[in-house]
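What follows is one structure encoded as structure tokens, with my remarks underneath.
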Amino acid sequence: MLESLITSKTRIRILVKFFTNAAATGHLRGLAEEMNESTNSIRKELNNLSEAGYLEKKANQNRVTYKANVKHPLFATLQKIVFQHLGLDAVVELILARMGDVKQIVVLGDYAKGIDSGIIEVLVVGDALNAGYIDQLALKIEGEIKRKVVFSLQGYRATEGLVIYEDFTI
319 MLESLITSKT
329 RIRILVKFFT
339 NAAATGHLRG
349 LAEEMNESTN
359 SIRKELNNLS
369 EAGYLEKKAN
379 QNRVTYKANV
389 KHPLFATLQK
399 IVFQHLGLDA
409 VVELILARMG
419 DVKQIVVLGD
429 YAKGIDSGII
439 EVLVVGDALN
449 AGYIDQLALK
459 IEGEIKRKVV
469 FSLQGYRATE
479 GLVIYEDFTI
């Protein structure tokens with residue numbers, strides 16, 4: 319979906335990096351290594367995105383770090399588009415439909431760090447969760463989003479990872 323709108327694969331990877339997890343930061347050489355791209359192509363996209371205001375640029379000694387500009391008027395929209403591109407919106411929707419009393423959905427591993435590795439690790443937190451549905455759900459989601467999904471269930475609130483849904487109402 320996003321590939322038809324944005325033709326630069328490097329730009330898509332940078333958007334995924336910074337808009338999956340707004341707390342993610344990166345610098346030129348680190349991003350080039352992480353994405354296995356040339357520093358020149360990464361620099362070009364970082365400059366374009368920061369000039370447009372989508373990324374914040376901050377100099378630290380002799381290194382420039384970048385992060386998503388959460389104050390940009392299109393931040394929430396871009397984040398939603400990235401979530402849809404990765405299929406995280408579908409994950410939440412399908413889990414909430416039949417998993418039981420879901421309190422929290424947390425993405426762990428590479429995707430929590432903004433790395434599109436192809437394997438999404440999802441932790442579902444709640445009481446009386448429908449564990450029998452989880453295997454069917456994994457297959458259904460994998461078919462829909464074209465990425466491998468690994469689920470784990472737990473009864474208590476997660477302390478790490480990227481929280482993509484939370485309902486701890488009293």
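So for the sequence shown, this note's numbering puts the first residue at 319; every next one is plus one. Built from N, CA and C at the ideal position, the CB exists for glycine as well. Quick caveat, the model's predicted, so the values are computed rather than measured.
What does the Cβ neighbour count give for residue i, buried or exposed, with the cut at 16 atoms within 10 Å?
i, result
"ALA446", "exposed"
"ILE488", "Note on ILE488: pLDDT 44, under 50, position unreliable in the model; no value is reported."
"GLN454", "exposed"
"GLY432", "buried"
"ILE437", "exposed"
"TYR474", "exposed"
"LYS335", "buried"
"THR489", "With the chain running from 319 to 488 in the structure shown, residue 489 is simply not present."
"GLY444", "buried"
"ILE413", "buried"
"LEU349", "buried"
Tell me whether residue i sits in a helix, a strand or coil according to DSSP, three-state version.
i, result
"GLU478", "coil"
"GLU351", "helix"
"ILE488", "Note that ILE488 scores a pLDDT of 44, beneath 50, so its modelled location is shaky; the value from the coordinates is reported in the next line. Of the three classes helix, strand and coil, the one that applies to ILE488 here is coil, per DSSP."
"THR325", "coil"
Does the distance from the C-beta atom of residue i to that of residue j stay below 8 Å?
i, j, result
"VAL442", "LEU471", "yes"
"GLY479", "VAL424", "yes"
"MET518", "ARG331", "Coverage of the chain is limited to positions 319 through 488, which leaves residue 518 absent and any answer about it impossible."
"LEU396", "LEU333", "yes"
"PHE469", "ILE482", "no"
"ASN574", "LEU373", "Residue 574 is absent from the model: the chain starts at 319 and stops at 488."
"GLU363", "SER326", "yes"
Going residue by residue through the segment 425-472, where are the continuous beta strand (DSSP E) segments of at least 3 residues, counting only ones entirely within it? 437-445, 466-472
Count the CB pairs spanning the segment 335-343 and the segment 382-395 that are closer than 8 Å, and state whether there are at least three. yes
Which whole runs of the beta strand (DSSP E) in the segment 360-424 are 3 residues long or more, in chain order? 373-378, 381-386
Does the segment 418-433 come within contact of the segment 360-380, defined as at least 3 CB pairs closer than 8 Å? no
Validate contact between the segment 455-472 and the segment 400-415 using beta carbons, cut 8 Å, 3 pairs: yes
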